[in-house]
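Okay, so the sequence shown: first residue is 153 according to our numbering, each after it adds one.
A quick write-up on the structure given underneath.
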Amino acid sequence: MQLRFLLLKYVVVILLLITSVMDGWIPAQEKGVPPTRIQTKKIRVNGVILNYIERGKGTPVVFVHGTLGDYRTWDGQLEAFSKNYRVISLSRRYHYPNKWTKDSTDFSVNIHARDLAAFIKALKLPPVHLIGHSYGAFISFLVARDHPELIRSLTLGEPPMMPLLKTTPEGDSLLAVFTQTSIVPSGEAFKNGNYEEGVRRFVNGILGDSSYEKLPLPARKSMMDNAKELKGETSSPDIFPPVTCEDVQKVKSPTLLLDGERSPKVFSIINNVIERCLVNKERVVIAAASHGLEFENPQAFNESVFAFLGKH
């Protein structure tokens, strides 16, 4: 029961990828960034077809999105990074526009990590600069830990590696309130087949009443494109694996940790633990950003990551 409770609390936090602040989740095109117009490509890995886009030439940079996201999450990075790198942004299993099957039951971090490693291998890429945000950062960490030969450098944007919180005195208390205000009412709506109501209750439970209704229509549409995957995560009994400081120490690749200046405290606590355990690391705070690092302040995000990649 305690494990189940912790799993539910974790799911709430990953939503903060999208909704940490009222104006934080705005599609890139609404912030002056052109929407993605690159034709998607497809590749089969581990029995599923994954859509992805790529642009530019040079050392590969692979972007990994978080919950409720897809390859479009990185619109604010594609043009800038493709001037110097071969940029690849994929949509993970279950995420738009990938097909959803009736037997889609595994929503754990592990299955996405296996897909990501297989994706890099299938494209026959040399060691990549791997950049992940939130849930995608946790996935990227697992690939770097288990497949060091695939990684040139690792960038982690506030990974929700919740098991690390048990080593801190305050971590669990920071999460408890979210369960009853967001996960429970949202889960009830999903069980009744009302997906938008599930997303709405999730968002409003975190940000307050009517917060979802105040989001721009394109933002709500993009959320709904991936709402079914969120339903799967909220009902999953095995969403994320145990992880310890010893696991973090296995990552030898140069690693950049990113924090949002305005992010919920839980993320900085997790990054504190990761920083203590990592061997080869840097850490940067993205000014004027909450958890939506790459779209709340894309200029600062891009500059920080560019500076890091240039060293490796």
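No residue lacks a Cβ here, since even glycine has one placed at the ideal position from N, Cα and C.
Does DSSP classify histidine 281 as helix, strand or coil? Indexing the sequence shown from 1 puts residue 281 at position 129. Reduced to three states, the DSSP call for histidine 281 is strand.
Flag this pair as touching only if the segment 361-369 and the segment 220-233 have three or more C-beta atom pairs under 8 angstroms; answer yes or no. No contact exists between the segment 361-369 and the segment 220-233.
Taking lysine 383 as the reference, give the member of Ser338, Val239 and Ala440 with the closest Cα. What you label residue 383 is simply residue 231 of the sequence shown in a count that begins at 1. Checked all of Ser338, Val239 and Ala440; the closest Cα to lysine 383 is Ser338.
Count the C-beta pairs between the segment 299-312 and the segment 392-411 that are closer than 8 angstroms, then say yes if the count reaches three, no if not. In this structure the segment 299-312 lies against the segment 392-411, because at least three pairs of beta carbons, one per stretch, are closer than 8 angstroms.
DSSP state of valine 395, grouped into three classes? In the sequence shown, the residue the question calls residue 395 occupies position 243. Coil at valine 395, not helix or strand.
Contacting residues, own chain, Cβ-Cβ under 8 angstroms from valine 261 (five flanking each side not counted): As a first step, residue 261 must be located in the sequence shown, where it is residue number 109. For valine 261, where only same-chain residues beyond five positions count, the Cβ hits under 8 angstroms are Tyr287, Phe290, Ile291, Leu294, Ile391, Phe392 and Pro393.
In this structure, does DSSP put serine 456 in helix, strand or coil? Taking the sequence shown and counting its residues from 1, one reaches residue 456 at position 304. Taken through DSSP and simplified to helix, strand or coil, serine 456 comes out as helix.
Using 8 angstroms as the threshold, is the C-beta distance between phenylalanine 259 and isoleucine 195 below it? Within the sequence shown, the letter at position 107 stands for residue 259. Within the sequence shown, the letter at position 43 stands for residue 195. Cβ distance not < 8 angstroms, so phenylalanine 259 and isoleucine 195 don't count as in contact.
Spatial neighbours of glycine 176 in its chain, beta-carbon cut-off 6 angstroms, leaving aside the 5 residues before and after: Reading the sequence shown from its first residue, position 24 is the one you call residue 176. Residue placement at glycine 176 cannot be trusted, given a pLDDT of 37 that sits under 50; the coordinates are not used to answer.
Hey, could you find the ends of the alpha helix (DSSP H) glutamate 365 is sitting in? Start at 1 with the first residue of the sequence shown, and residue 365 comes out as number 213. That run of the alpha helix (DSSP H) goes 363-366.
Could you check what DSSP says for threonine 333 in three-state terms: helix, strand or coil? Walking along the sequence shown from the start, residue 333 turns up at place 181. In the three-state DSSP reduction, threonine 333 falls in the helix class (H, G or I).
Would you call isoleucine 201 buried or exposed, if buried means 16 or more other Cβ atoms sit within 10 Å of its Cβ? For the purposes of this step, residue 201 is identified with residue 49 of the sequence shown, where counting begins at 1. Answer is exposed; the Cβ neighbour count stays below 16.
Which of helix, strand or coil does DSSP assign to isoleucine 190? On the sequence shown, residue 190 is found 38 positions in, with the first residue counted as 1. DSSP places isoleucine 190 outside both helix and strand once states are collapsed to three, so it counts as coil.
Nonlocal neighbours in the same chain, by C-beta distance under 7 angstroms from alanine 439, ignoring five residues either side: For this step, residue 439 is matched to residue 287 along the sequence shown. Closer than 7 angstroms at Cβ, skipping near neighbours: Glu413, Asn449 and Ala452.
Please report the distance separating the alpha-carbon of glutamate 301 from that of leucine 277. On the sequence shown, position 149 is the one that residue 301 refers to. On the sequence shown, position 125 is the one that residue 277 refers to. If I take the Cα positions, the gap works out to 11 angstroms.
Expressed to the nearest angstrom, what Euclidean distance is found between the alpha-carbon atoms of glutamine 154 and alanine 328? Reading the sequence shown from its first residue, position 2 is the one you call residue 154. Reading the sequence shown from its first residue, position 176 is the one you call residue 328. Summary for glutamine 154: the model assigns pLDDT 48, below 50, so the residue's position carries little reliability; its value from the coordinates is reported in the next sentence. Distance between the alpha carbons of glutamine 154 and alanine 328: 12 angstroms.
Does DSSP classify aspartate 298 as helix, strand or coil? Position 146 of the sequence shown, counted from the first residue, corresponds to residue 298. Aspartate 298 falls in the helix class under three-state DSSP.
At a cut of 8 angstroms, does the segment 248-255 reach the segment 312-320 through at least three beta carbon pairs? By the Cβ criterion, the segment 248-255 is not in contact with the segment 312-320, since fewer than three pairs of Cβ atoms, one from each stretch, lie closer than 8 angstroms.
Residues that leucine 408 bridges to, as DSSP identifies them: Position 256 of the sequence shown, counted from the start, is the residue given in the question as residue 408. Per DSSP, Thr307 and Glu434.
From Val395, Ser241, Ala232 and Ile263, residue whose alpha carbon lies closest to that of histidine 217: What you label residue 217 is simply residue 65 of the sequence shown in a count that begins at 1. The residue with the shortest Cα to Cα distance from histidine 217 is Ser241.
What number of angstroms, rounded off, separates the C-alpha of leucine 282 from the C-alpha of arginine 304? Taking the first residue of the sequence shown as position 1, residue 282 is located at position 130. Taking the first residue of the sequence shown as position 1, residue 304 is located at position 152. Using only the alpha carbons, I get a separation of about 8 angstroms.
Serine 241 - containing beta strand (DSSP E), residue span: Numbered from its first residue, the sequence shown carries residue 241 at position 89. Looking at the DSSP string, the run of the beta strand (DSSP E) that includes serine 241 is 238-242.
Where leucine 202 falls: helix, strand or coil (DSSP): On the sequence shown, position 50 is the one that residue 202 refers to. Residue state, collapsed to three classes: strand.
Do you know offhand how far tyrosine 135's Cα is from valine 280's? This structure gives no information on residue 135, because the portion of the chain shown stretches from 153 to 464.
Which same chain residues, not among the five before or five after glutamate 429, have their C-beta less than 6 angstroms away from its C-beta? Locating residue 429 in the sequence shown gives position 277, counting from the first residue. Residue 429 is actually cysteine in this sequence, not glutamate. Taking C-beta separations shorter than 6 angstroms and ignoring five residues to either side along the sequence, the partners of cysteine 429 in its chain run Cys397, Val400 and Gln401, following chain order.
Determine, using beta carbons only, whether glutamate 471 and threonine 219 come nearer to each other than 8 angstroms. Absent from the structure is residue 471, since the part of the chain shown begins at 153 and ends at 464.
Using beta-carbon positions only, say whether phenylalanine 233 and valine 213 come within less than 8 angstroms of one another. Translated into positions along the sequence shown, residue 233 becomes position 81. Translated into positions along the sequence shown, residue 213 becomes position 61. Yes, the Cβ-Cβ distance between phenylalanine 233 and valine 213 is below 8 angstroms.
Let me know the secondary structure DSSP gives arginine 207 once reduced to three states. In the sequence shown, the residue the question calls residue 207 occupies position 55. Residue state, collapsed to three classes: strand.
What residue range is occupied by the uninterrupted beta strand (DSSP E) comprising proline 315? Translated into positions along the sequence shown, residue 315 becomes position 163. In the DSSP assignment, proline 315 falls outside any beta strand (DSSP E) and carries neither an H nor an E.
Give the straight-line distance between the Cα atoms of asparagine 423 and glycine 284, rounded to the nearest whole angstrom. Taking the first residue of the sequence shown as position 1, residue 423 is located at position 271. Taking the first residue of the sequence shown as position 1, residue 284 is located at position 132. CA-to-CA, the gap between asparagine 423 and glycine 284 works out to about 14 angstroms.
Run through DSSP, which three-state label would proline 450 get? Position 298 of the sequence shown, counting from 1, holds the residue named residue 450. Correct three-state label for proline 450: helix.
As a quick exercise: from Ser325, Ile205 and Gly345, pick the residue whose alpha carbon is nearest that of arginine 224. For the purposes of this step, residue 224 is taken as residue 72 along the sequence shown, with counting starting at 1. The shortest Cα separation from arginine 224 among Ser325, Ile205 and Gly345 belongs to Ile205.
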